[in-house]
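Written out below as structure tokens is the structure these notes cover.
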Amino acid sequence: MPTVQIKDEARIGTEARIKLEPSSYLQKLSKTGTPDLAWMDDHGEWGMRAVPGNLGLRLKDIAIGSYGVVPEHGAAHNSMAPRGSSVPSDVPALGFTVNDKAECWADNVMELYEEAVARQWSSARDIPWDELKPLPDDLERAMCQLCTFLTEVEFIAADAPTRWMSRINHDFLEVKLFLATQAMDEARHTDVFRKRALANGGGLGKSSALAELSLKRIFDAGSFSAQTARLHLLGEGFVLTMFRQGEFIAPSRVDQEIFRRCMQDESRHVGYGTMHLRTQLKMRPDLAEEVHAELDDAESILLQTFSVPESVEPMAVLMGGGIKNFDHGMELQGNLWRRIVGEYLQRCDSAGLDRRPRCILPTDFGALMAD
Ligand SMILES: [Fe+2]
Ligand SMILES: [Fe+2]
């Protein structure tokens with residue numbers, strides 16, 4: 117009899133054996149003509165009716181009865197058998213490592229998923245590319261350098277969380293659905309900034325070893341929550357504040373529209389990360405030290421990143437309206453920096469992390485220029 121053997125990583129030293137029997141059931145059916153139908157009585161909670169709300173049938177509308185109960189610990193069978201279904205005893209485990217709700221959950225995750233699905237946009241169709249007009253050379257070069265930086269950093273917010281996605285217990289499917297939308301959002305951000313760099317007579321500028329280092333540290337974070345601190349609280353928070361100020365940075369209406377749309381997406385990612393950390397830190401206050409250590413390092417790299425010309429000058433040129441107003445642009449960039457640090461610290465407060473005494477980011481951009 118043919119069998120397939122599947123390594124069960126969650127139960128080291130054992131193997132699940134699934135028998136692939138050649139259709140004794142079908143033989144019986146062909147002889148008797150009588151269907152089995154036992155599966156009709158083998159199911160999860162039954163007989164409820166989910167009712168759509170004003171916005172259609174959303175995840176929260178199907179969170180009814182036992183289906184709405186998200187367990188504190190994911191199912192020990194460690195498979196993708198749907199939460200709430202009748203699960204056979206011999207399902208093979210997939211070896212998930214994030215098996216506690218607190219390690220990945222955020223109370224807003226279902227709403228954020230629905231919002232993400234409803235607000236998907238197309239960088240090909242929804243940006244008025246045909247309105248893009250030639251810009252003065254310094255502005256175009258500055259915008260292209262900024263797009264190079266953004267193209268470089270955007271995809272980490274897809275690559276890194278989705279590494280963890282496949283390790284998250286399937287009982288927390290709402291988190292996985294949300295992370296899938298985040299990956300799609302970041303794909304779009306990467307593509308829209310790359311398109312912008314190439315759409316108006318410029319091209320890509322210079323990449324950054326320091327930005328790459330910060331991406332690597334996010335990628336290598338030792339836990340999902342540690343990664344969330346680096347990625348959502350600081351990294352994505354940083355670009356969220358930038359995009360919020362997009363009208364002061366963008367040299368054209370087309371660029372404003374790009375920033376506006378990306379901002380909406382980023383606010384979901386940051387909203388998830390902040391709420392997740394709040395949940396996690398409540399459950400595990402001892403995690404705060406690990407998160408602080410991640411942020412000590414991440415802040416230090418960010419400071420270094422913003423001490424090289426290709427990071428500082430494009431923003432000053434864009435905000436000042438050209439090289440001729442460079443000093444004014446630096447002043448405006450100082451205001452933006454103050455907002456970036458202020459909103460980051462507010463996010464830490466809201467996550468329940470007392471970061472203010474430890475943060476090394478000065479609110480005054482001028483302090484970065486002092487000896
Ligand atoms: Fe993004
Ligand atoms: Fe993001």
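Numbering (the numbering used here) for the sequence shown: 117 to 487.
We put the beta carbon where it would ideally sit given N, CA and C, even for glycine.
No experiment lies behind these values; they were computed from the predicted model shown.
Presumed contact (8 Å Cβ cut-off) between residue i and residue j, rounded CB distance
i, j, result
"A166", "I180", "6 Å"
"N316", "L248", "5 Å"
"A345", "L411", "6 Å"
"E230", "R174", "5 Å"
Proximity below 7 Å, CB of residue i to CB of residue j
i, j, result
"V115", "I374", "The structure shown has nothing for residue 115, since the chain only spans 117 to 487."
"M379", "F359", "yes"
"I272", "V214", "no"
"G353", "Y460", "yes"
"L266", "P277", "no"
"L418", "V386", "no"
"G319", "E256", "no"
"T421", "A327", "yes"
"T395", "A232", "no"
"K58", "E426", "As shown, the chain starts at 117 and ends at 487. That puts residue 58 outside it, with no answer to give."
"P430", "Q261", "yes"
"L347", "I334", "yes"
First and last residue of the uninterrupted alpha helix (DSSP H) at residue i
i, result
"W453", "442 to 467"
"Y141", "140 to 148"
"L171", "Premise fails: L171 is in no alpha helix (DSSP H) and is neither H nor E."
"Y388", "369 to 399"
"H408", "403 to 421"
"M431", "425 to 436"
Local conformation of residue i per DSSP, three classes
i, result
"V355", "helix"
"G362", "helix"
"D223", "coil"
"V214", "strand"
"H189", "strand"
"K311", "helix"
"S323", "coil"
"F335", "helix"
"D158", "coil"
"F340", "helix"
"P151", "coil"
"G200", "coil"
"T479", "coil"
"M164", "coil"
Ordered list of alpha helix (DSSP H) runs contained in the segment 232 to 293, each at least 4 residues: 253 to 270, 272 to 281
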